[in-house]
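Enquirer: Under the UniProt record's numbering, the residues of the sequence shown are numbered 1 to 518, in order.
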Amino acid sequence: MKLVTDYIHDGEVTENLKVQARRYFHSYSFWLDVSSIFPLDFLLIYRGDISLIRLNRLLKSYRFNYFIDRTEIRTNWPNAFKIFFLIVTCIVLFHWNAAAYFLISVISGIDSEDPDAWQFTYTKIADPVIPKCNTFLLIGDSTSCSFNETGRNVNNRLEYIDEMMQYWQNRSEILTFPNFSKEYALSIYWSSLTLTTKGQQPYPMSSLEDALEVVDTLIGLLIFAVIVGSVGSIISTVNKEKSEFQEILDGIKFYMNYRKVDSDIQKRVLNCCDYIHDQGISKDESVLLEGLPRKLHGQLAINLHMVTLQHVELLQGCEQGLLFELILRLKFQLFSPNDYICRRGELAREMYIVKRGQLNCVSDDGKVILGILKEGAVFGQLAILNLSGRAGGNKHIMAIRSVGYTDVYILRQEDVNDVLQEYPQARQNLTQKAIKMLQDDGYWDNTIVNAEKVYGSTSTLEEHLDGIARIINALNDEIDRLYEMFDNMSSDFKQRLTRLEGAYKTRCERQKCEGSLS
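1. Report the rounded CA-to-CA distance for Ala-301 versus Leu-330, giving the unit in angstroms.
2. Just reading off the alpha helix (DSSP H) that Met-165 is part of, what are its end residues?
3. Would you kindly report the start and end of the unbroken alpha helix (DSSP H) that includes Pro-78?
4. In chain order, what residues of the same chain have a beta carbon less than 6 angstroms from the beta carbon of Gly-371, not counting five sequence neighbours either side?
5. Please classify Gly-366: is it buried, with 16 or more other beta-carbons within 10 angstroms of its beta-carbon, or exposed?
6. So, helix, strand or coil for Asn-179, using DSSP?
7. Along the chain, where does the beta strand (DSSP E) containing Asp-407 start, and where does it finish?
8. If you draw a straight line from the alpha carbon of Cys-90 to that of Asn-76, how long is it in whole angstroms?
9. Along the beta strand (DSSP E) that carries Ala-399, what are the first and last residues, could you check?
10. Given 8 angstroms as the limit, is there contact between the region 401-420 and the region 327-347, that is, 3 or more CB pairs closer than that?
11. Got a sec, what are the start and stop residues for the beta strand (DSSP E) Cys-318 sits in?
12. Considering only C-alpha positions, which residue in the set Asn-394, Ser-402, Met-398 is nearest to Lys-355?
13. If distances are taken between C-alpha atoms only, which option among Lys-242, Lys-512, Trp-190, Thr-237 comes closest to Thr-217?
14. Would you mind giving the Cβ-Cβ distance between Glu-313 and Gln-381, rounded to the nearest angstrom? I have them listed as a contact below 8 angstroms.
15. Are the Cβ atoms of Ile-37 and Leu-43 separated by less than 8 angstroms?
16. DSSP three-state label for Leu-370, please.
17. Could you spell out the range, first to last residue, of the beta strand (DSSP E) harbouring Tyr-340?
18. Secondary structure at Ile-130, three-state DSSP: helix, strand or coil?
19. According to DSSP, which residues form a beta bridge with Phe-379?
20. Could you give the distance in angstroms between the alpha-carbon of Lys-453 and the alpha-carbon of Ala-434?
21. Identify whether Ser-172 lies in helix, strand or coil by the three-state DSSP scheme.
22. Is it buried or exposed, Arg-427, if we count other Cβ atoms within 10 angstroms and call 16 or more buried?
23. For Ala-211 and Leu-52, I'd like the C-alpha separation in whole angstroms.
24. With DSSP collapsed to three states, give me the class of Cys-145.
25. Does DSSP put Leu-323 in a helix, in a strand, or in coil?
26. Please classify His-464 as buried or exposed, where buried requires at least 16 neighbouring CB atoms within 10 angstroms.
27. Taking just the CA atoms, how far does Ile-353 sit from Lys-267?
28. Give a yes or no on whether the C-beta atoms belonging to His-130 and Ser-187 are separated by under 8 angstroms.
29. How about Ile-384 and Gln-421: do their beta carbons lie closer than 8 angstroms?
30. Evaluate Tyr-203 with the Cβ neighbour count: other Cβ atoms within 10 Å of its Cβ, from every protein chain shown; 16 or more gives buried, anything less gives exposed.
31. Within the same chain, show all residues whose beta-carbon is closer than 7 angstroms to that of Arg-54, passing over the 5 residues directly before and after it, in chain order.
32. Between the alpha carbons of Leu-328 and Met-489, how many angstroms are there, rounded?
33. For Asn-450, is the classification buried or exposed, using 16 other Cβ atoms within 10 angstroms of its Cβ as the cut-off for buried?
34. Among residues of its own chain, excluding the 5 on either side of Ser-206, which ones have a beta-carbon nearer than 7 angstroms to its beta-carbon?
35. Buried or exposed: where does Gln-310 fall if 16 or more other Cβ atoms within 10 Å of its Cβ makes it buried?
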């Protein structure tokens, strides 16, 4: 009974017992379950030959499909489980068909001694006879025994069969099997051959036998088609990834041979490809997880990386939302043996988290090991903030080299800047903490600390462009203001000049008039 089984309604898991029970009682599953447990077995007390009345138990078989679907989702070996399910299905069908064959044989009669009869007979499956003496022909072994056929024609053994029977009479014994074993073994053998359309069977002699043969032929054709199709699909699925990988590998080999790459490099490349294929990491993690909801993807990433990020000194004390966004932007990268993750003096733009493997801190020439970074180690934390007050610039101060194959997660500076746009206060706090860490380690240059306001940027390119746009807008506003001021001054100057010209003309006219009067 599925009375208290949770189910999803409108995207929400329903755990209310009353609601679950009401839904179950109004579903077809309830009637199937009730019918399957109806006690028809009690009728066998009055009539024992109607065992087929228990077929109502098969109404419960719909639950088996539910089990198969859930198992295929949860198992780590879905293809192996599919093959196992096909085998079990074939065995069940063979068993049912064998039962039908033996039932018809009982109806037709199993007392016949004809080995060519269609129905089951005990003559077809006699008890085996095994020798009691050593049948290996060993020279000088008195315990060995064998019938001497020297000078006889072995193709005509019927001529001296009585002599052979007499010879083996006291040297052999019959291994007796119970009748049930014989009945089931021969019936399942007949069933498997008939359903798979393999081998020649005796011809049926009655309508009932004909009907079973026809039904078996039809079912056998369907089973053969289903099995071949299913197995072919499984094999194609199994070989798909391998064939895709082999195609890529062949392309890499052709490219390296065409470009005449050194044999040592070719060997390293092929070994790395082999490792990637064996470990099953040939697909990008972002592609594998893109179908998950963002929050569920985040919970998965938190389970993998949150503890590590919380131990990073720079990120300690940050709010959970910021760490959540940073975790989602971690990128996986594999490094092969002797690969350099970074070299001394290279521009630092990433923070690295060692997930599996080992890294060595080495000297510039790579001969001296200065330190070891194991699983869970983090380095380059200050590189995610582009601080221009750092002495020597934002560069790596040590070379890091992979010992073997190492799984590393990378957090890039650009991704951090994108996240910090939404957390301005966190940006300020992280910048101050990073400056303090550099000052404590003696890597902060106070002579250029003022340049931090202009060049020391945890700002993104978009923020820089926005700043430039604001400056341009301010310049445009200033130009407009100056132009308006110039226009006003020009207008005022023109008006004053006009008044001056008018006054000058008036004065000139007065002087002319006074001169003429005099």
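Even for Gly, the Cβ is constructed at its ideal location relative to N, Cα and C.
Expert: According to the data block:
1. Within the sequence shown, the letter at position 301 stands for residue 301. Within the sequence shown, the letter at position 330 stands for residue 330. Their Cα atoms are separated by approximately 9 angstroms.
2. Within the sequence shown, numbered from 1, the residue matching residue 165 stands at position 165. 161-168 is the span of the alpha helix (DSSP H), which, as asked, contains Met-165.
3. The residue you call residue 78 lines up with position 78 of the sequence shown. From DSSP, the alpha helix (DSSP H) with Pro-78 extends over 78-108.
4. Locating residue 371 in the sequence shown gives position 371, where the first residue counts as 1. Excluding the 5 residues flanking it on each side, Gly-371 has same chain C-beta neighbours closer than 6 angstroms at Cys-361, in chain order.
5. Taking the sequence shown and counting its residues from 1, the one referred to as residue 366 is at position 366. Flag for Gly-366 reads exposed.
6. By one-based count along the sequence shown, residue 179 stands at place 179. Three-state result, Asn-179: helix.
7. The residue given as residue 407 occupies position 407 in the sequence shown. That run of the beta strand (DSSP E) goes 406-412.
8. Locating residue 90 in the sequence shown gives position 90, counting from the first residue. Locating residue 76 in the sequence shown gives position 76, counting from the first residue. Whole-angstrom Cα-Cα distance: 23 angstroms.
9. By 1-based counting over the sequence shown, the position of residue 399 is 399. Counting along the chain, the unbroken beta strand (DSSP E) around Ala-399 starts and ends at 399-402.
10. yes
11. Counting from one through the sequence shown, the residue named residue 318 turns up at place 318. Run containing Cys-318: none; DSSP gives neither H nor E here.
12. Taking the first residue of the sequence shown as position 1, residue 355 is located at position 355. Taking only the C-alpha atoms, the option nearest Lys-355 is Ser-402.
13. Position 217 of the sequence shown, counted from the start, is the residue given in the question as residue 217. When each option's Cα is compared against that of Thr-217, the closest is Trp-190.
14. Within the sequence shown, the letter at position 313 stands for residue 313. Within the sequence shown, the letter at position 381 stands for residue 381. About 7 angstroms; that satisfies the 8 angstroms criterion.
15. The residue labelled residue 37 in the question sits at position 37 within the sequence shown. The residue labelled residue 43 in the question sits at position 43 within the sequence shown. Cβ distance not < 8 angstroms, so Ile-37 and Leu-43 don't count as in contact.
16. Position 370 of the sequence shown, counting from 1, holds the residue named residue 370. It is a strand residue.
17. Along the sequence shown, one-based indexing puts residue 340 at 340. Looking at the DSSP string, the run of the beta strand (DSSP E) that includes Tyr-340 is 340-342.
18. Taking the sequence shown and counting its residues from 1, one reaches residue 130 at position 130. If DSSP states are grouped into helix, strand and coil, Ile-130 belongs with the strands.
19. Translated into the one-based positions of the sequence shown, residue 379 becomes position 379. Its beta-bridge partners are Tyr-352.
20. For the purposes of this step, residue 453 is identified with residue 453 of the sequence shown, where counting begins at 1. For the purposes of this step, residue 434 is identified with residue 434 of the sequence shown, where counting begins at 1. With a pLDDT of 48 at Lys-453, under the threshold of 50, the modelled position of that residue is not reliable, and no figure is offered here.
21. Mapped onto the sequence shown, residue 172 falls at position 172. It is a strand residue.
22. Along the sequence shown, one-based indexing puts residue 427 at 427. Under this definition Arg-427 is a buried residue.
23. Here the question's residue 211 lines up with position 211 in the sequence shown. Here the question's residue 52 lines up with position 52 in the sequence shown. The alpha-carbon atoms of Ala-211 and Leu-52 are separated by roughly 19 angstroms.
24. Residue mapping note: residue 145 aligns to position 145 of the sequence shown, counting from 1. Three-state DSSP puts Cys-145 in coil, outside helix and strand.
25. Translated into positions along the sequence shown, residue 323 becomes position 323. Leu-323: helix per DSSP, three-state reduction.
26. Numbered from its first residue, the sequence shown carries residue 464 at position 464. His-464 is exposed by the Cβ-count criterion.
27. Locating residue 267 in the sequence shown gives position 267, counting from the first residue. Locating residue 353 in the sequence shown gives position 353, counting from the first residue. Roughly 28 angstroms between the two C-alpha positions.
28. Locating residue 130 in the sequence shown gives position 130, where the first residue counts as 1. Locating residue 187 in the sequence shown gives position 187, where the first residue counts as 1. Residue 130 is actually Ile in this sequence, not His. Contact: no.
29. The count along the sequence shown starts at 1 and reaches residue 384 at position 384. The count along the sequence shown starts at 1 and reaches residue 421 at position 421. It is not a contact, given that the beta carbons lie outside the stated cut-off.
30. As a working note, residue 203 is residue 203 in the sequence shown. Exposed, since its Cβ has fewer than 16 Cβ neighbours within 10 Å.
31. Numbered from its first residue, the sequence shown carries residue 54 at position 54. Excluding residues within five positions, the ones whose Cβ falls inside 7 angstroms are Leu-40, Asp-41.
32. By 1-based counting over the sequence shown, the position of residue 328 is 328. By 1-based counting over the sequence shown, the position of residue 489 is 489. C-alpha separation (whole angstroms): 60 angstroms.
33. As a working note, residue 450 is residue 450 in the sequence shown. Note that Asn-450 scores a pLDDT of 49, beneath 50, so its modelled location is shaky; the value from the coordinates is reported in the next line. Exposed.
34. Position 206 of the sequence shown, counted from the start, is the residue given in the question as residue 206. Excluding positions up to five away in sequence, the list reads Ser-108.
35. Within the sequence shown, residue 310 is the residue found at index 310, counting from 1. So Gln-310 counts as exposed.
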